[in-house]
Amino acid sequence: MTLENNNNNNNIKQKLKIITVAGARPNFMKVAPFLKALDKFNDSSNDIVITSLFAHTGQHYDVNMSDVFFKNLQIKQPEYHLGIGGAAAGSIVEQTAKIMTEFEKVLVTEKPDLVVVVGDVTSTISCALTSVRYGVKAAHIEAGLRSFDRTMPEEINRILTDKIADFLFVTEESGVKHLKNEGVSEDKIFLVGNLMIDSLVQFKEIALKSTILHDLGLEKGKYIAATLHRPSSVDDKRTFANLLDAFEEIQKKMKIVLPLHPRSKKKLQDFGLQSKIEKMQNLLIIEPVGYFDFLKLMMDAKLVITDSGGIQEETTFLGIPCITTRNNTERPVTIELGTNVLVGLDKNKIIDETLKVLSGNAKKGIAPPLWDGNAAERVVKIIVEKLMIS
Ligand code: UDP
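Heads up: the sequence shown begins at 5 in this note's numbering, then just goes up one per residue.
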């Protein structure tokens, strides 16, 4: 924090510098409302000025997985693009090291008061760790979520980031409980709601106008939207084949549209599983779609089948039935209050649960507390208060 004396009116302005980090698709929906809330704060504050800088690590870098979200979510172009993505980034370990090396240079140049990371990807832990190593405070948005499955790279990223961050912003009660159980001091934990839902609230009306259904020849309520990309679903040939077998049965009853994540597409090719999908007349595999198009696909679907984290939350908020093909979830509120059902990876369970929904027996749900579109503003308010007194 610095003080600046404005000689014209003797106003002392206090200045804060915050760097917000994003790297991968699910980060963009979370940083978009936060960056806007920082700008809004500046517009309304007379005595504190926030210099808001944005760094994109480049973990996801192409049009489908990155550029389209900048356009849809109206995110400003990053002041820093670290460019650590694609095959050149190497293994996760190499990527972590490269992001840290490049991000340190940003910190040396900018000397911010705070670094804000979101979610659970490689960029999240890499930039949080660089910050605290460099002596800069870190805030984690979407803290405290736990699947208790340490085979998930995301779980390791969450645990480590929460261990070192100074401010932990939590989306649901379970997160508060986990952090307290892990011995995190209560004054670091803030239950603020869900920034991904802030984006949904802001853009839902625009998304309704997407022409994707027409473009793909789909009819409202007469298709299933699906996504698959977790290592636990697609990294093992038998598991991936088993999921496709479930899809084969399901598409006999209702059309499935599957915007396929690049890593799943690669695994499909590596495992030689294309022949399986070629047989399925009613399975429509497409490239990943933009945010508005995907929201529209979810909103008009009969149900969603997914292994995604964020999509469990979005379907809960939208009241669309969701079948999650995982053995655990770090977002239990989507089951306790929402429309989510955890079925695991068993083919028959996936088919049975889907048929239940198709026959009109879908689980009903309500939106969790504080998922109201205002989470980002709560975060900014807390950050400013805390940084001003520290
Ligand atoms: N999403 C999208 N286009 C797609 C698939 C997903 O815009 O083709 C959005 C989805 O609405 C959600 C986010 O991407 O906001 C979820 O990202 P992902 O499933 O990759 O990550 P996870 O949430 O599992 O970490």
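Every residue, glycine too, gets a C-beta built ideally from N, C-alpha and C.
Problem set entry | Cβ separation of Ala-371 and Leu-199, assumed to be a contact under 8 Å, to the nearest whole Å | Position 367 of the sequence shown holds residue 371. Position 195 of the sequence shown holds residue 199. Contact between Ala-371 and Leu-199 does not hold, since the beta-carbon distance rounds to 14 Å and is not under 8 Å.
Problem set entry | Presumed contact (8 Å Cβ cut-off) between Gly-197 and Leu-374, rounded CB distance | Locating residue 197 in the sequence shown gives position 193, where the first residue counts as 1. Locating residue 374 in the sequence shown gives position 370, where the first residue counts as 1. So it is a contact: roughly 3 Å between Cβ atoms.
Exercise. Closest to Glu-114 by CA distance: which of Thr-333, Ile-23, Lys-300 is it?
Worked result: Residue 114 sits at position 110 when you count from the first residue of the sequence shown. Of the candidates Thr-333, Ile-23, Lys-300, Ile-23 places its Cα closest to the Cα of Glu-114.
Exercise. What is the rounded straight-line gap between the Cα of Arg-335 and the Cα of Ile-254?
Worked result: The sequence position of residue 335 within the sequence shown is 331, counting from 1. The sequence position of residue 254 within the sequence shown is 250, counting from 1. The alpha-carbon separation between Arg-335 and Ile-254 amounts to approximately 26 Å.
Problem set entry | Separation of Pro-37 from Thr-175, as counted between CA atoms | As a working note, residue 175 is residue 171 in the sequence shown. As a working note, residue 37 is residue 33 in the sequence shown. For Thr-175 and Pro-37, the distance between alpha carbons rounds to 14 Å.
Exercise. Which stretch, first to last residue, makes up the alpha helix (DSSP H) that contains Pro-263?
Worked result: The sequence position of residue 263 within the sequence shown is 259, counting from 1. Boundaries for Pro-263: no alpha helix (DSSP H) harbours it, while the beta strand (DSSP E) harbouring it runs 259 to 263, taken from the DSSP string.
Exercise. Do Leu-322 and Leu-204 have their C-beta atoms closer together than 9 Å?
Worked result: Locating residue 322 in the sequence shown gives position 318, counting from the first residue. Locating residue 204 in the sequence shown gives position 200, counting from the first residue. Cβ atoms of Leu-322 and Leu-204: closer than 9 Å.
Problem set entry | Residue list, Cβ distance to ligand 1 heavy atoms smaller than 5 Å | The set of residues with a C-beta under 5 Å from any non-hydrogen atom of ligand 1 comprises Arg-29, Pro-30, Met-33, Pro-263, Pro-292, Val-293, Tyr-295, Phe-298, Ser-312, Gly-313, Gly-314, given in chain order.
Exercise. Ordered along the chain, which non-local residues of its own chain (more than five positions away) have a Cβ less than 6 Å from that of Gly-294?
Worked result: Within the sequence shown, residue 294 is the residue found at index 290, counting from 1. For Gly-294, the CB contacts under 6 Å within the same chain, skipping 5 residues up- and downstream, are Val-72, Asn-76 in chain order.
Exercise. Can you tell which of Val-35, Lys-102, Ile-52, Ile-168 has the C-alpha that lies nearest to the C-alpha of Gln-78?
Worked result: Position 74 of the sequence shown, counted from the first residue, corresponds to residue 78. When only C-alpha atoms are compared, the closest one is Val-35.
For this session: On the DSSP bridge assignment, give the partners of Asn-3 in chain order.
Result: Any property of residue 3 remains undetermined from this structure, which presents the chain solely from 5 to 394.
Problem set entry | Own chain, CB closer than 6 Å to Ser-268, minus 5 neighbours either side, in chain order | In the sequence shown, counting from the first residue as 1, residue 268 sits at position 264. Sequence-distant partners of Ser-268 (beyond 5 residues in either direction) whose C-beta falls short of 6 Å from its own C-beta, in its chain, are Leu-232, His-233, Val-238.
For this session: Classify Tyr-138 as helix, strand or coil using the three-state DSSP reduction.
Result: On the sequence shown, position 134 is the one that residue 138 refers to. Tyr-138 falls in the helix class under three-state DSSP.
Problem set entry | Three CB pairs or more closer than 8 Å across the stretch 348 to 363 and the stretch 305 to 318 | As far as the Cβ criterion goes, the stretch 348 to 363 touches the stretch 305 to 318, which means the pair count is three or higher.
For this session: Over the uninterrupted beta strand (DSSP E) stretch that includes Tyr-65, give me the two end residues.
Result: Sequence index remark: in the sequence shown, residue 65 carries index 61 (1-based). Taken as a continuous stretch (DSSP letters only), Tyr-65 belongs to no beta strand (DSSP E), as it is neither H nor E.
For this session: Please say whether Leu-172 and Leu-183 have beta carbons closer to each other than 9 Å?
Result: The residue labelled residue 183 in the question sits at position 179 within the sequence shown. The residue labelled residue 172 in the question sits at position 168 within the sequence shown. Judged by beta-carbon spacing, Leu-172 lies within the 9 Å limit of Leu-183, meaning their Cβ atoms are closer than that value.
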